[in-house]
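Trainee:
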Amino acid sequence: MIERKQTARALARVFAAAELPALVAVPVALVGLSLAGVRATAGLSLAVALVSVSMLLASFEVSRPALRQLMPTAVLAAVAAAGRVLFSPLPDVKPVSAIAIVAGAALGRRSGFVVGAMAALLSNFFFGQGPWTPWQMYAWGLVGYVGGILGEKDLFSHTAVLYGWGFASGLVYGLILNGYHVLGYVQPLTWPAVLAACAASLPLDVTHGVATVAFLAAIWVAWGRAIRRVVSKYDL
Numbered sequence: 045m046i047e048r049k050q051t052a053r054a055l056a057r058v059f060a061a062a063e064l065p066a067l068v069a070v071p072v073a074l075v076g077l078s079l080a081g082v083r084a085t086a087g088l089s090l091a092v093a094l095v096s097v098s099m100l101l102a103s104f105e106v107s108r109p110a111l112r113q114l115m116p117t118a119v120l121a122a123v124a125a126a127g128r129v130l131f132s133p134l135p136d137v138k139p140v141s142a143i144a145i146v147a148g149a150a151l152g153r154r155s156g157f158v159v160g161a162m163a164a165l166l167s168n169f170f171f172g173q174g175p176w177t178p179w180q181m182y183a184w185g186l187v188g189y190v191g192g193i194l195g196e197k198d199l200f201s202h203t204a205v206l207y208g209w210g211f212a213s214g215l216v217y218g219l220i221l222n223g224y225h226v227l228g229y230v231q232p233l234t235w236p237a238v239l240a241a242c243a244a245s246l247p248l249d250v251t252h253g254v255a256t257v258a259f260l261a262a263i264w265v266a267w268g269r270a271i272r273r274v275v276s277k278y279d280l
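Add 44 to the 1-based position in the sequence shown for our numbering, that's all there is to it.
1) For R153, count neighbouring C-beta atoms within 10 Å of its own C-beta (all shown protein chains included) and say buried if the count is 16 or more, exposed if not.
2) If the criterion is Cβ atoms closer than 8 Å, does the pair G34 and V250 meet it?
3) Are the CB atoms of I145 and G127 within a distance shorter than 8 Å?
4) Quick check on the DSSP output: the alpha helix (DSSP H) that includes F282 runs from which residue to which?
5) Taking only three categories from DSSP, how would you classify L67?
6) Using C-beta distances below 8 Å, list every residue in its chain close to A241, excluding the 5 sequence neighbours before and after it, in chain order.
7) Would you say V82 lies against chain D (beta-carbon separation less than 8 Å)?
8) Is the beta carbon of S141 closer than 8 Å to that of Y189?
9) Rounded to the nearest angstrom, what separates A261 and V254 at their Cα positions?
10) H252 to G210, Cα distance in whole Å?
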């Protein structure tokens, strides 16, 4: 029994140490493979994104979160997915990024990633699954993970940092999805074509960022207080 616990703790440490490299590997693969002119860049970068998402979800799992921590994480993921569906008539006005940020700040970076990633996966059962799903899972998971890091460092006590990351998260999400789109569908792949694709999506990305700030303004205090109460009550 003791050896099993020691093995579990060692495995958890290994996965925890691999989290940041796994997250960084995705943009590195996108840029590196593109610059190298590798023909299979789209497929290879998708594989890296899948591995990255799997690593982060596995890291959450091997950390052996108690049921009292799993429940709020699962509930927030479901609410974020439902919110994305509810606001589907409004392009890029989605609460997913805001909820992932709140989850990361209140429950930790791993929970923030899980909420963002699972919200993308669950809501795509309504919008449709496809090769874009791992990219959305990675992008929204990253938003929640960074939110968790900033929350752990108490940087969200500064309103400018909170709303700054809320707005920037829309641009980051858009940049990642643009990378998927450009590598998968833009041929021939040239810098003018890349810039044109990014410029075309910029208004939507800005809308996403502004909407995230608005959602944060609406839920940050009330939801944060409620989650912190649960965290304190159950010693999460």
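Even for Gly, the Cβ is constructed at its ideal location relative to N, Cα and C.
Mentor: Reading it off the structure:
1) Its Cβ being crowded by 16 or more others within 10 Å, R153 is buried.
2) Because residue 34 is not part of the residues shown, which for the chain are 45 to 280, the question remains open.
3) No, the pair does not count as a contact, with Cβ atoms beyond the cut-off.
4) Absent from the model: residue 282. The displayed extent of the chain is 45 to 280, so no value can be given.
5) In this structure, DSSP gives L67 a helical state, which the three-state scheme calls helix.
6) These residues qualify, in order along the chain: N222, H225, V226 and V230.
7) Here there is only one protein chain, and chain D is not present.
8) Remark: C-beta atoms of Y189 and S141 do not approach each other more closely than 8 Å.
9) Annotation: A261 to V254 spans about 11 Å, alpha carbon to alpha carbon.
10) If I take the Cα positions, the gap works out to 9 Å.
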